[in-house]
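J.: I'd like to ask you about the structure that follows.
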Amino acid sequence: MALNGSVYVIDDDAAIRDAVSSLLRSIGFAVSVFETVPAFLEETLPDNPACLVLDVRLPGIGGLDFQGKLKELGVSMPVIFMTGFGDVPMSVKAMKAGAIDFLSKPFRDQDLIDAVIVALDLDRKRRIDLASFEDLVQKFNSLTHRERQAMMLVSAGLMNKQIAGELNLSEVTVKIHRGTMMKKLEMRSVADLVRTVELLKKHGVIEDD
2 MALNGSVYVI DDDAAIRDAV SSLLRSIGFA VSVFETVPAF LEETLPDNPA CLVLDVRLPG
62 IGGLDFQGKL KELGVSMPVI FMTGFGDVPM SVKAMKAGAI DFLSKPFRDQ DLIDAVIVAL
122 DLDRKRRIDL ASFEDLVQKF NSLTHRERQA MMLVSAGLMN KQIAGELNLS EVTVKIHRGT
182 MMKKLEMRSV ADLVRTVELL KKHGVIEDD
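Residue numbers for the sequence shown follow this note's numbering, so the first one is 2 and each next one is one higher.
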């Protein structure tokens, strides 16, 4: 039974592809192998946690360039690099760009296994966080104009009376909008609301004043 996640191996060396895929399959990972980047890009990938294990010096487009291309395409799949050159500056560049690990061939089997486990865990967490954020955006989109105004003013630290004056509403009406807003967003406290507003600003869902 395959572990929860897919591992995609890209290497132009058939011996490396076979060795890496055999190792990972032996402990239960679902593995697909590709000789080139174009071959990988033509593949229809399942929507599940996944990571890439690829040689840093691939024909055509190099591993580091491909890492950048993935970001341009909006693909957040974790990357593990393999290299036969032990290039320190290149490894530093890869890690700064978000690579999970940079393994010099020949590497220990356990080092690769550990890196894959970390990569899949990270992608799993990213997917959970993304689903949670998308749910939050749906809740935000359900707010009325007045409820959004209340959200912004409450998160800015204004009291009900101040909000009433700001919006030219009665304090009772403000309390109703505030209560409905907090319920729709499933917020338990103003502190939760402040963190939520900052998160929505960070991702451009609402404008940062």
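Glycine included, C-beta positions come from ideal geometry on N, C-alpha and C.
Owing to the predicted nature of the structure, the values given are computational and were not obtained by experimental measurement.
Within its chain, find whatever has a CB closer than 6 Å to the CB of His178; leave out the 5 residues flanking it on each side and keep chain order.
T.: Arg147, Glu148 and Ala151.
J.: Would a C-beta distance cut-off of 8 Å place Pro60 and Ala120 closer than the cut-off?
T.: Cβ distance not < 8 Å, so Pro60 and Ala120 don't count as in contact.
J.: Assuming Asp56 contacts Asp13 (C-beta within less than 8 Å), just tell me the rounded distance between them.
T.: Rounded, the Cβ-Cβ distance is 7 Å, consistent with contact.
J.: Would you mind giving the Cβ-Cβ distance between Ala165 and Ser171, rounded to the nearest angstrom? I have them listed as a contact below 8 Å.
T.: Indeed they touch by this definition, with Cβ atoms about 6 Å apart.
J.: Using the Cβ count rule (16 or more neighbours within 10 Å means buried), how would you classify Val175?
T.: The residue in question, Val175, is buried, as its Cβ has 16 or more Cβ neighbours within 10 Å.
J.: With a cut-off of 8 Å on the beta carbons, I'd call Ile62 and Lys70 a contact; round off their distance for me.
T.: Correct: roughly 7 Å between the Cβ atoms.
J.: When we look at the beta-carbon of Met2 and count the other beta-carbons within 10 Å, is it buried (16 or more) or exposed?
T.: Low confidence applies to Met2: its pLDDT is 38, below 50, so where it sits in the model is not reliable, and the reading given next is rough at best. Per the 10 Å Cβ criterion, exposed.
J.: For the alpha helix (DSSP H) containing Ile101, name the first residue and the last one.
T.: That residue, Ile101, is in no alpha helix (DSSP H); it is neither H nor E in DSSP.
J.: Taking three-plus beta-carbon pairs below 8 Å as touching, is the stretch 130-144 in contact with the stretch 41-58?
T.: No, because fewer than three Cβ pairs between the stretch 130-144 and the stretch 41-58 fall closer than 8 Å, the two stretches do not touch.
J.: Give the C-beta separation of Ala95 and Phe108 to the nearest angstrom, bearing in mind that I take them to be a contact with Cβ-Cβ under 8 Å.
T.: Not really, about 15 Å apart at Cβ, beyond 8 Å.
J.: Comparing alpha-carbon positions, which option in Ala100, Gly75, Val21 and Met160 lies nearest Leu65?
T.: The shortest C-alpha separation from Leu65 is found at Ala100.
J.: Between the Cα of Ala20 and the Cα atoms of Lys106, His204 and Val191, which residue gives the shortest distance?
T.: Comparing Cα-Cα distances from Ala20 to each of Lys106, His204 and Val191, the minimum goes to Lys106.
J.: Provide the residue span of the alpha helix (DSSP H) that contains Asp122, from first to last.
T.: Its alpha helix (DSSP H) spans residues Asp110 to Asn142.
J.: For Ser27, name the three-state secondary structure that DSSP assigns.
T.: Reduced to three states, the DSSP call for Ser27 is helix.
J.: So Ala51 packs on Asp124, CB below 8 Å; how close in whole Å?
T.: So it is a contact: roughly 6 Å between Cβ atoms.
J.: Report the rounded CA-to-CA distance for Val10 versus Met183, giving the unit in angstroms.
T.: Distance between the alpha carbons of Val10 and Met183: 46 Å.
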